[in-house]
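Residue numbering for the sequence shown follows numbering that gives the first Met the number 0, beginning at 0 and increasing consecutively. See structure below.
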Amino acid sequence: MDIPSNHSNHDALWLPFTANRQFRSTPRMLVSAHGMYYKDDRGHDVLDGCAGLWCVNAGHTRPRIVEAVQKTVATLDFAPAFQMGHPLAFEAADRVARLAPGNLNHVFFCNSGSEAGDSALKIALAYQRLRGEGTRTRLIGRERGYHGVGFGGISVGGISGNRKLYGTMLGGVDHLPHTLDLERNAFSRGQPEHGAELADALERIVTLHDASTIAAVIVEPMAGSTGVLPAPKGYLKRLRDICTKHGILLIFDEVITGFGRLGASFAAEKYGIVPDIMTVAKGITNGTVPMGANIVSDTVFDAFMQGPPEAIDLPHGYTYTAHPIACAAAIATLDTYAEEHLFERAAALTPYFEDAAHSLRGLPNVVDIRNEGLVAGIELAPRDAKTTRAYEIFDRAFHEGVLLRYTGDIVAVSPPLIVEKAEIDRIFETIGRLIRQVA
Ligand code: PMP
Numbered sequence: 000m001d002i003p004s005n006h007s008n009h010d011a012l013w014l015p016f017t018a019n020r021q022f023r024s025t026p027r028m029l030v031s032a033h034g035m036y037y038k039d040d041r042g043h044d045v046l047d048g049c050a051g052l053w054c055v056n057a058g059h060t061r062p063r064i065v066e067a068v069q070k071t072v073a074t075l076d077f078a079p080a081f082q083m084g085h086p087l088a089f090e091a092a093d094r095v096a097r098l099a100p101g102n103l104n105h106v107f108f109c110n111s112g113s114e115a116g117d118s119a120l121k122i123a124l125a126y127q128r129l130r131g132e133g134t135r136t137r138l139i140g141r142e143r144g145y146h147g148v149g150f151g152g153i154s155v156g157g158i159s160g161n162r163k164l165y166g167t168m169l170g171g172v173d174h175l176p177h178t179l180d181l182e183r184n185a186f187s188r189g190q191p192e193h194g195a196e197l198a199d200a201l202e203r204i205v206t207l208h209d210a211s212t213i214a215a216v217i218v219e220p221m222a223g224s225t226g227v228l229p230a231p232k233g234y235l236k237r238l239r240d241i242c243t244k245h246g247i248l249l250i251f252d253e254v255i256t257g258f259g260r261l262g263a264s265f266a267a268e269k270y271g272i273v274p275d276i277m278t279v280a281k282g283i284t285n286g287t288v289p290m291g292a293n294i295v296s297d298t299v300f301d302a303f304m305q306g307p308p309e310a311i312d313l314p315h316g317y318t319y320t321a322h323p324i325a326c327a328a329a330i331a332t333l334d335t336y337a338e339e340h341l342f343e344r345a346a347a348l349t350p351y352f353e354d355a356a357h358s359l360r361g362l363p364n365v366v367d368i369r370n371e372g373l374v375a376g377i378e379l380a381p382r383d384a385k386t387t388r389a390y391e392i393f394d395r396a397f398h399e400g401v402l403l404r405y406t407g408d409i410v411a412v413s414p415p416l417i418v419e420k421a422e423i424d425r426i427f428e429t430i431g432r433l434i435r436q437v438a
């Protein structure tokens, strides 16, 4: 047991999304990090195959980001954001907006992907009301969608495990079908060929409820947490067209797909489809300081700027909105991404990464391999046991010095964008060996 022994009460810490009692018998403890590696409490290096939790896109403890944080904490440790500003907040917003495609020119900061999700839904509802469409209160999510753990996020999200304990969800929510189709699309490389027509489920919802009742649709351009589901070719364009036709706002949750993960600044840029609102977090600060944001279009923003200038235009926000340390980390992070051309690097590495992922095809129980940019999901056949094969692979890999992620029967890989080919080889070689071991 490697949990610090100077803490007599090991029950004090309650870990999220964790089997806490199981964890105490086989703890996985991280004590430091550098570049592509963590160090665990045994002093062993752990190759980070997940960018922490899909967020450390530039690799760990990058000096430029560390220095920006250190400097800021010593000069402006906190600044309120209600009726107040500070230069780093304006600079960070400008930098994020410049990176965003189309007319997504305005940035509302928060502290996490969950807050970004709930904020986006509130902004969408308020926008519809402000433009005189107050009957548009219905929100549309998607099966297997993940938009964080706030009540808004779990309501539009499509994961029953995240919903069932909590009773009443937001009312007036519908879900599009998810896009995973193992029969037609198994072992697709990049976006699957089949399934654009699944977007037409939105037309059916419009027919059922009438467009005048629908405020917004929220989807991840590539569902990450539920097992790496890139949108089928043409699907997002179809969704965009249907939303535009019916005056429905389109929200892209780019918490995972943003900041280079797919080999472009955002999935929206990669696919050439501009949503009305984009939610981001994670890679915005390289995971160093909690931060999330909504990036909204001119049209949405302008609707809030119509009233008297002295009226508060959006009664929403957080104590830590645009926290100076987070803003400093974001600026240093975006500098690092740009200087090292990390998004381009991710794009250039994608074919190699894709080949490495698909080299696992044919191993026992592998029913699908999916990838896009520097993300891959390896889906294993379900089995009748307390833990999934994917969990076992995750646990064994950690003890062998490779950090993976697992969700249900799916092993997910999303390394920092600084990953080298030899490290890609090691990650997939480890997964391949462990897939054989747990078979
Ligand atoms: N949206 C998506 C697509 C995510 O992947 C996540 C986190 N994995 C969230 C929202 C929630 O972010 P956070 O955990 O920072 O609240």
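C-beta atoms are modelled at their ideal positions from N, C-alpha and C, and glycine is treated no differently.
beta-carbon residue i near ligand 1 non-hydrogen atom, thresh 8 Å
{"i": "residue 148", "result": "yes"}
{"i": "residue 280", "result": "yes"}
{"i": "residue 52", "result": "yes"}
{"i": "residue 441", "result": "An answer regarding residue 441 cannot be provided, because it is not within the stretch 0 to 438 covered by the chain."}
{"i": "residue 255", "result": "yes"}
{"i": "residue 274", "result": "no"}
{"i": "residue 375", "result": "no"}
{"i": "residue 131", "result": "no"}
{"i": "residue 142", "result": "no"}
{"i": "residue 219", "result": "yes"}
{"i": "residue 371", "result": "no"}
{"i": "residue 453", "result": "A query on residue 453 cannot be resolved here, the shown segment of the chain reaching from 0 to 438 and no further."}
{"i": "residue 229", "result": "no"}
{"i": "residue 428", "result": "no"}
{"i": "residue 329", "result": "no"}
{"i": "residue 151", "result": "no"}
{"i": "residue 224", "result": "yes"}
{"i": "residue 84", "result": "no"}
{"i": "residue 154", "result": "no"}
{"i": "residue 200", "result": "no"}
{"i": "residue 252", "result": "yes"}
{"i": "residue 119", "result": "no"}
{"i": "residue 114", "result": "yes"}
{"i": "residue 291", "result": "yes"}
Delimiting residues of the alpha helix (DSSP H) encompassing residue i
{"i": "residue 10", "result": "Run containing residue 10: none; DSSP gives neither H nor E here."}
{"i": "residue 90", "result": "86-98"}
{"i": "residue 66", "result": "62-74"}
{"i": "residue 266", "result": "266-270"}
{"i": "residue 151", "result": "150-155"}
{"i": "residue 336", "result": "323-338"}
{"i": "residue 256", "result": "Note, residue 256: premise wrong, no alpha helix (DSSP H); not H, not E."}
{"i": "residue 440", "result": "With the chain represented from 0 up to 438, any question about residue 440 goes unanswered, as that position is not in the structure."}
Selected residue, minimal CA-CA separation from residue i, among the options
{"i": "residue 436", "options": "157, 391, 350", "result": "391"}
{"i": "residue 359", "options": "371, 375, 346", "result": "375"}
{"i": "residue 175", "options": "163, 160, 198", "result": "198"}
{"i": "residue 167", "options": "154, 178, 160, 348", "result": "154"}
{"i": "residue 345", "options": "259, 162, 194, 29", "result": "259"}
{"i": "residue 369", "options": "228, 306, 59", "result": "228"}
{"i": "residue 16", "options": "195, 138, 34, 224", "result": "224"}
{"i": "residue 169", "options": "137, 200, 257", "result": "137"}
{"i": "residue 59", "options": "342, 284, 187", "result": "284"}
{"i": "residue 343", "options": "101, 365, 417, 215", "result": "417"}
{"i": "residue 226", "options": "27, 97, 378", "result": "378"}
{"i": "residue 434", "options": "380, 238, 415", "result": "380"}
{"i": "residue 401", "options": "408, 413, 86, 241", "result": "413"}
{"i": "residue 405", "options": "177, 107, 53, 301", "result": "53"}
{"i": "residue 274", "options": "288, 295, 254", "result": "295"}
{"i": "residue 311", "options": "165, 80, 419", "result": "80"}
{"i": "residue 160", "options": "407, 231, 277, 256", "result": "407"}
{"i": "residue 90", "options": "322, 190, 214", "result": "322"}
{"i": "residue 133", "options": "56, 211, 240, 254", "result": "211"}
{"i": "residue 82", "options": "270, 252, 403, 320", "result": "320"}
First through last residue of the beta strand (DSSP E) which encompasses residue i
{"i": "residue 105", "result": "103-109"}
{"i": "residue 378", "result": "374-379"}
{"i": "residue 299", "result": "Where residue 299 is concerned, there is no enclosing beta strand (DSSP E), although the alpha helix (DSSP H) it sits in stretches over 297-303."}
{"i": "residue 393", "result": "First-last for residue 393: 388-399, but that is the alpha helix (DSSP H), not the beta strand (DSSP E)."}
{"i": "residue 251", "result": "248-252"}
{"i": "residue 38", "result": "36-39"}
{"i": "residue 370", "result": "365-371"}
{"i": "residue 137", "result": "137-141"}
{"i": "residue 224", "result": "Neither: residue 224 is in no beta strand (DSSP E) and is coded neither H nor E."}
Counting beta carbon pairs with one atom in the segment 194-211 and one in the segment 229-247, are three or more of them shorter than 8 Å? yes
Would the segment 392-412 and the segment 37-49 be scored as touching if the rule is three or more Cβ pairs under 8 Å? yes
Meets three-Cβ-pair contact criterion under 8 Å: the segment 318-333 and the segment 60-73: yes
Report yes or no: do three or more beta-carbon pairs, one from the segment 135-153 and one from the segment 109-124, lie closer than 8 Å? yes
Looking at C-beta atoms only, is the number of pairs between the segment 210-221 and the segment 260-269 that lie closer than 8 Å three or more? yes
May I ask you to verify whether the segment 346-366 touches the segment 424-436, counting CB pairs closer than 8 Å and requiring at least 3? yes
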